[in-house]
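So for the sequence shown, our numbering puts the first residue at 235; every next one is plus one.
Using N, Cα and C, we set each Cβ at its ideal position, and we do this for glycine too.
What you are looking at is a predicted structure, and each value in this text was computed from that prediction instead of being measured.
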Amino acid sequence: MKKTIFLLFLVVLTETQLFAQVNMTLSNPGALQVISGQYDPSAYTPLVVINSPDSILHGIVNRVSKDTMISYLKKIDSYYNRNSGSDTISSTRGIGAVRRWIFSKFNEYRAVNENRLVLSYLDFDRIFCGQTHHRDVLAILPGLDTTQKEIILLEAHFDTRCEGVCDTACYSPGMEDNGSGTILVMELARVMSRYAFDHTIMFACVTGEDQGLYGSAALANYLYSKNVKIRAVLNNDVIGGITCGQTSSPPGCPGLNAIDSTEVRIFSLSAGNDSAAVSPHKQLARYIRMNQEGKINPLLTTPMKLNLIITQDRVGRSGDHIPFTSKGYTAIRFCSQYESGDGTGTPPDRQHSVRDILGIDTSIPPDGIIDSFFVDPGYLRRNTIMNGVNLGLLAIAPPSPDPEFRQSAAGIEITLHEADSVYNHYRVGVRSKGSGSLYFDTLFSFSGTNKFVVPGLQPGKTWYFSVANMRNGVESLFSPEYSISDLGINEQVKKDWGLKLEQNHPNPFTKQTEIEIEASPNINYDNAKLTFRDSSGREIKVLDLKIHPGINKVTFSNPGHLKGVFTYSLSIGGKVIITRKMIIQ
235 MKKTIFLLFL
245 VVLTETQLFA
255 QVNMTLSNPG
265 ALQVISGQYD
275 PSAYTPLVVI
285 NSPDSILHGI
295 VNRVSKDTMI
305 SYLKKIDSYY
315 NRNSGSDTIS
325 STRGIGAVRR
335 WIFSKFNEYR
345 AVNENRLVLS
355 YLDFDRIFCG
365 QTHHRDVLAI
375 LPGLDTTQKE
385 IILLEAHFDT
395 RCEGVCDTAC
405 YSPGMEDNGS
415 GTILVMELAR
425 VMSRYAFDHT
435 IMFACVTGED
445 QGLYGSAALA
455 NYLYSKNVKI
465 RAVLNNDVIG
475 GITCGQTSSP
485 PGCPGLNAID
495 STEVRIFSLS
505 AGNDSAAVSP
515 HKQLARYIRM
525 NQEGKINPLL
535 TTPMKLNLII
545 TQDRVGRSGD
555 HIPFTSKGYT
565 AIRFCSQYES
575 GDGTGTPPDR
585 QHSVRDILGI
595 DTSIPPDGII
605 DSFFVDPGYL
615 RRNTIMNGVN
625 LGLLAIAPPS
635 PDPEFRQSAA
645 GIEITLHEAD
655 SVYNHYRVGV
665 RSKGSGSLYF
675 DTLFSFSGTN
685 KFVVPGLQPG
695 KTWYFSVANM
705 RNGVESLFSP
715 EYSISDLGIN
725 EQVKKDWGLK
735 LEQNHPNPFT
745 KQTEIEIEAS
755 PNINYDNAKL
765 TFRDSSGREI
775 KVLDLKIHPG
785 INKVTFSNPG
795 HLKGVFTYSL
805 SIGGKVIITR
815 KMIIQ
């Protein structure tokens, strides 16, 4: 019995030693200074500073090139096998040749951008697929402001595989999984190196994903061990394919050969009860969706729809964002709306097989030119733009606020204190629990004040509120959410004041609407007012009222120029007791 226990102990000890990343080091020691914020920003300031939000937005939209990305995909396809355990010596085949090529391209971007990129490998030891030593490839663009010492990380894994987890002899093109993500990271390193951002950006191509997220785990562990602060991690894995596979992992794929080139999934961890969709990771996903709809889609010929998924990844699957969430970092995964399999390599699906190719030549007779793409160039380009714009906005955005929330008869009162009060421009995201609860129901804007009220919301529901600081038209990430289970404001007002302020009718309206105020018997108020305000809180009209028992009707007429979301507040003796929202079309 003692011998059995001892042997079991040896097995556990051996597995612990074999399957833990050790000896994690950066090949360039200067890279650690940059990601830790211990450097002189002037050493990386370009001769011409381009960092306005519009320049970044339009520059990324206009400069991301699908032709460049397709040429890169063809190049990594030429290395034949990218298994993490494959050849590291050859210059034309295997994982070593691929990572050296990625590093050389990063070096090219560095040379044409005033040597501002800081390049490094992250070396680590771990035994898998016959190899003991592995390398992630990093390109780091130092920020102009080291006050907060936060970085933003864009990552994708550049390794791939065939049906066999450690098959180092097969042809493994891996164009969707994950050549698409690799090329996306490289293209954004190329495009974004010309701009200057407040915060440091790391472009990371990691290895070992197909054997167990080893490269991303090494990177997450290393950054965590060095106390590196990360504002957000954007992971891209299977981000260019548009065809549904027969065995595709749910959610989001209806059946074999279905096509979707206009939608993308964002997976992120929910905190606690999944149905509540509460977590900083979900807030990051909402932020990205907000920017896509408000800033990016208007500039695209083909707008993109972003679908926020309640789970952290597909059913039974995982990705390189997970090692970061496990360390407490905020991280999400971008994934094509449809993907070609469940990772088993089962025909006719292409994922993890020799069939994961760029596309086919359908010409008769064949002319040697791909004309039917499995990795769609336009779709990959739009997803690259989505990542790049959000990466850039996160790198120039102000810090998230720490608001004070208070429930009152007027609604939810929000106050910004101290450092947050200097912005004087804020966005408030409001969402409700239930159908569609992953998304903001409404976004309010407030300016010129650090204290404002989100007016009357439907009672009987659970509501969530969060706030973003704004600077130069760019929102910060939204604050943690404040929730209330049941507003019930009107019933409370009836109990306290003997009054009910009803929803205006019709709503929405264009020219005129009617508002009813119900007063209990023996209730008379001669000092009542109904005040109308726009979404910024600016007063647009005040009506003096005399309220008598029963139904009191008030008519509001649009002077003809008002459109948008407005509020109306009932006050008695100068005290606001209830506020409701109305919409003018």
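| Item | Value |
| --- | --- |
| What's the C-alpha gap between R316 and F678? | 48 Å |
| Nearest CA to the CA of G328: which residue from A345, Q365, G293? | Q365 |
| Report the rounded CA-to-CA distance for T238 versus R360, giving the unit in angstroms. | Low local confidence applies: a pLDDT of 35 at T238 is under 50, so the model's placement there is unreliable, with the coordinate-based value given in what follows. When rounded, the distance between both Cα atoms is 27 Å. |
| Mind checking who R333 pairs with in its DSSP beta bridge? | Partner(s): none; R333 has no beta bridge. |
| Quick check on H586: buried or exposed, where buried means 16 or more other Cβ atoms within 10 Å of its Cβ? | buried |
| I believe F699 touches V662 by the beta-carbon criterion, under 8 Å. Please report the beta-carbon distance rounded to the nearest angstrom. | 6 Å |
| If you pair each beta-carbon of the segment 296-305 with each one of the segment 392-404, do three or more pairs fall below 8 Å? | no |
| Would you kindly check if the distance between the Cβ of V440 and the Cβ of G446 is under 9 Å? | no |
| Take T747 and list the residues in its own chain whose beta-carbon comes closer than 7 Å to its own, dropping the five residues that flank it on each side. | N738, H739, P740, N741, F790, M816 |
| May I ask you to report which of helix, strand or coil DSSP gives D720? | Residue placement at D720 is poorly supported in this model, since its pLDDT is 49, which falls under 50; the coordinates still yield a value, given next. Here D720 sits in coil by DSSP. |
| Pop quiz: L672 and I544 are said to be a contact at Cβ under 8 Å. What is the actual Cβ separation, rounded to whole angstroms? | 7 Å |
| Check each candidate in L796, V810, Q819 and name the one with the smallest Cα separation from L733. | V810 |
| If distances are taken between C-alpha atoms only, which option among Y458, F743, S414, E443 comes closest to D311? | S414 |
| Tell me where the beta strand (DSSP E) around R369 begins and ends. | 365-375 |
| Taking Cβ positions, are V498 and S570 nearer each other than 9 Å? | yes |
| Could you pull out every residue in the same chain whose Cβ sits closer than 8 Å to the Cβ of S754, ignoring the five residues on either side in sequence? | K728, G732, L733, P783 |
| How many Å lie between T596 and T326 at the Cα? | 29 Å |
| Nearest-angstrom Cα distance between D765 and E715? | What sits at residue 765 in the sequence shown is Thr, not Asp. Cα to Cα, T765 sits roughly 29 Å from E715. |
| Is E342 helix, strand or coil by DSSP? | helix |
| Only counting the same chain, and skipping five residues up and downstream in sequence, which positions put a Cβ closer than 8 Å to that of N531? | P537, M538 |
| Can you tell me whether DSSP reads I385 as helix, strand or coil? | strand |
| Let's see if you can read the secondary structure: which residues bound the beta strand (DSSP E) around S289? | Here S289 belongs to no beta strand (DSSP E); instead the alpha helix (DSSP H) covers 287-297. |
| Note down the Cα distance separating P485 from L542, rounded to an integer number of angstroms. | 11 Å |
| Can you tell me where the alpha helix (DSSP H) holding I604 begins and where it ends? | From DSSP, I604 is part of no alpha helix (DSSP H); its letter is neither H nor E. |
| Excluding the 5 residues preceding and the 5 following D636 in the sequence, name in chain order all residues of the same chain whose CB lies nearer than 7 Å to its CB. | D654, S713 |
| How is F558 classed by DSSP in three states: helix, strand or coil? | helix |
| From the DSSP output, in three-state form, read off D675 for me. | coil |
| According to DSSP, is G807 helix, strand or coil? | coil |
| Please name the residue, chosen from N761, P611, M704, G602, that lies closest to E421 on a Cα-to-Cα basis. | P611 |
| Taking only the alpha-carbon atoms, compute the straight-line gap between I284 and A430 and give it to the nearest angstrom. | 6 Å |
| Would you report the Cα separation of T801 and G489, rounded to the nearest angstrom? | 47 Å |
| So what's I269 in DSSP terms, helix, strand or just coil? | helix |
| Name the DSSP beta bridge partners of G851, please? | Outside the modelled stretch of the chain, which goes from 235 to 819, sits residue 851, for which no answer is possible. |
| Under 9 Å, do I806 and A762 count as touching if we go by C-beta distance? | yes |
| Determine the closest residue to K775 out of N792, I781, D321, with distance taken between C-alpha atoms. | N792 |
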